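Here UniProt numbering is used: position 264 in the sequence shown is 264, and no number is missing along the way. Every residue, glycine too, gets a C-beta built ideally from N, C-alpha and C. Quick caveat: nothing in here was measured; it's all calculated off a predicted structure. What follows is a set of notes on a single structure, which appears directly below.
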Amino acid sequence: MTKRVDRRKFLAGGASIATAGLAGCALMGSGSSDTIKLGILEDQSGNFALVGSPKHKASLLAIEEINNNGGINGQQIEYFDPDPQSNNQRYLELTRRMINQRNVDALWAGYSSATRETIREPAIDPNDQLYFYTTQYEGGVCDKNVFAVGPTARQQLGIVLPYLVEEYGSDIYTIAADYNFGQLSADWVKVLADENDANVIGEEFIPLSNSEFSSTISRIQDADPDFVMSMLVGSNHTSFYKQKASAGLDIPIGTSTAMAQGYEHLRLDPPAMSNIYAGVNYMEEVPTNRNTKEGGFVDRYYEKFPDAPYLNEEAENNYFSIYMYKRAVEQAGTTDQEEVKAALESGITYPAPEAPDGEEIKLVPETHHVNHHMWVMRADEEHNVQAVDDRVIDETFLKDTVGCDLTSKDEEKQYTPQDYYEEAG
1 MTKRVDRRKF LAGGASIATA GLAGCALMGS GSSDTIKLGI LEDQSGNFAL VGSPKHKASL
61 LAIEEINNNG GINGQQIEYF DPDPQSNNQR YLELTRRMIN QRNVDALWAG YSSATRETIR
121 EPAIDPNDQL YFYTTQYEGG VCDKNVFAVG PTARQQLGIV LPYLVEEYGS DIYTIAADYN
181 FGQLSADWVK VLADENDANV IGEEFIPLSN SEFSSTISRI QDADPDFVMS MLVGSNHTSF
241 YKQKASAGLD IPIGTSTAMA QGYEHLRLDP PAMSNIYAGV NYMEEVPTNR NTKEGGFVDR
301 YYEKFPDAPY LNEEAENNYF SIYMYKRAVE QAGTTDQEEV KAALESGITY PAPEAPDGEE
361 IKLVPETHHV NHHMWVMRAD EEHNVQAVDD RVIDETFLKD TVGCDLTSKD EEKQYTPQDY
421 YEEAG
């Protein structure tokens, strides 16, 4: 594999390193109608730069590879990538610019669910813009224009929670960020606990501004659960892992947010992330040949970006979805967005780095989500990461529970776990 810098030492300088030299708007080509135009709006600076910068980089890698191999139907890709700076109002302004001035054929944009919702109703849907949202998220978006290709909470929690119940027991304590993502993810913990004969014995929602966790740690110790489910997010919440190690809290912790996105196992000193189990579709350490073999995804990424600190979950989602778009355009024989959407809805597949040899991940026509190959990745006391379980988990909530079928009905809605309970009676 490509020789790289010591990334733990590299990361010691802070998250801002991840965005060095990436600000600005890059163009390929001259705006000719002979090019295929993609908008890549990912955070290269600001609060989400740590997770957004790998998404941006992986997008450029996919575009470069495609262009070097003849483009799409013989056309080169032209991309527009101004920095949204982790600012939702700027996201909305840039999205409108991508649609109305750049006339992009497809758009990739945003890390947070708040960003997605900031641009979805005011800009994406009124213009029927083909939009790829690539972050792992709470799930439930049923929208004819949106292809939410990251894993949902039901997939991520659905791989790690049953594993922990089987390994450690049935009593769960949930801690989650106090906003839409964390609250809905906590609801999914309850759903999955019911399905796996487990019990949520405690639940806390932590404001994003909070970085002091001594009281939370004391309450977890008093409750004595078999394991904790953590859906904490952001730099302030990272303090929990350092503080729980200092307090001697050694209860196993399952998560859908830590390690795969913000690579805390590299950024924090051991043993902060000891005994953390992440339910993910991708981490740099996922042990597939497509990912880790010589010349594989990891090598190609660091060959292009040798100083990059990490190749995170969302980066892989950006990468494979650009290739899925390529396959759809080639199948449709046009960049007409409605025809490309129809081609995507035919069940486009791709041999993504997350998938073992002989397997391709599939885009579900009815829901615009992906049936991912999911992994449980465990960090030990030295922060070495190892796969302990893996399997394909279909995204079933939208299609099977609430009846989302975008191939037959146009919708622009987000369903929640409450809809699950209502449908289940």
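Residue nearest to R154 within the set S408, T407, V370 is V370 (criterion: CA-CA distance). Residues of the same chain with a CB within less than 8 angstroms of the CB of N199, apart from the 5 flanking positions on each side, are S170, D171, I172, A193 in chain order. Spatial neighbours of V51 in its own chain (CB-CB distance under 7 angstroms, excluding positions within 5 residues in sequence) are listed in chain order as Y111, Q261, G262, N312, E314. In its chain, beyond the 5 residues on either side, S45, G46 have a beta carbon closer than 6 angstroms to the beta carbon of Q85. For S235, the closest of P356, L208, V228, S256 by C-alpha to C-alpha distance is L208.
With a beta-carbon spacing of about 4 angstroms, N317 and T134 fall inside the 8 angstroms limit used to define contacts.
In this structure, the beta-carbon distance from E138 to N180 falls below 9 angstroms. S214 counts as exposed, since fewer than 16 other C-beta atoms from the protein chains shown sit within 10 angstroms of its C-beta.
Using a Cβ-Cβ distance cut-off of 8 angstroms, the region 391 to 402 and the region 149 to 167 are in contact, since at least three pairs of beta carbons, one from each stretch, lie closer than that value. When the alpha-carbon of M283 is set against those of M374, P270, R102, S218, the nearest one is in M374. Burial check for N384: the Cβ neighbour count within 10 Å stays below 16, so the residue is exposed. Assignment of Y302 by DSSP, reduced to helix, strand and coil, places it in the helix class. Cβ contact annotation for E381 (same chain, cutoff 7 angstroms, sequence separation greater than five): P270, P271, S274, in chain order. Contact between D390 and Y163 is absent: CB atoms are separated by about 10 angstroms, not below the 8 angstroms threshold. Under a 10 Å Cβ-count criterion, N281 is classified as buried, with 16 or more other Cβ atoms of the shown protein chains found around its own Cβ.
Exclusion of the five residues before and after I348 leaves M324, R327, A328, Q331, K362, L363 as the residues of its chain whose Cβ lies within less than 8 angstroms of its Cβ. For the set R267, E166, W188, the Cα lying nearest the Cα of A176 is the one of W188. Rounded to whole angstroms, the gap between the alpha carbons of E212 and V191 is 29 angstroms. In this structure, N196 lies near V165, with their beta-carbon atoms less than 9 angstroms apart. Inclusion of K341 and K55 in the CB contact set at 9 angstroms is not warranted, their separation being larger than that value. Counting along the chain, Y111 sits inside no beta strand (DSSP E), nor does DSSP assign it H or E at all.
When the Cα atoms are used, N100 and K242 turn out to be separated by approximately 46 angstroms.
The beta carbon of P351 lies closer than 7 angstroms to those of R290, E360 in the same chain, with the five residues before and after it left out.
Annotation: L61 to F305 spans about 9 angstroms, alpha carbon to alpha carbon. For L41, the enclosing beta strand (DSSP E) covers residues 36 to 41. Beta-bridge partners of S230 (DSSP): I175, T255. Distances from the alpha-carbon of I322 to those of D34, T35, I72, D336 put I72 closest.
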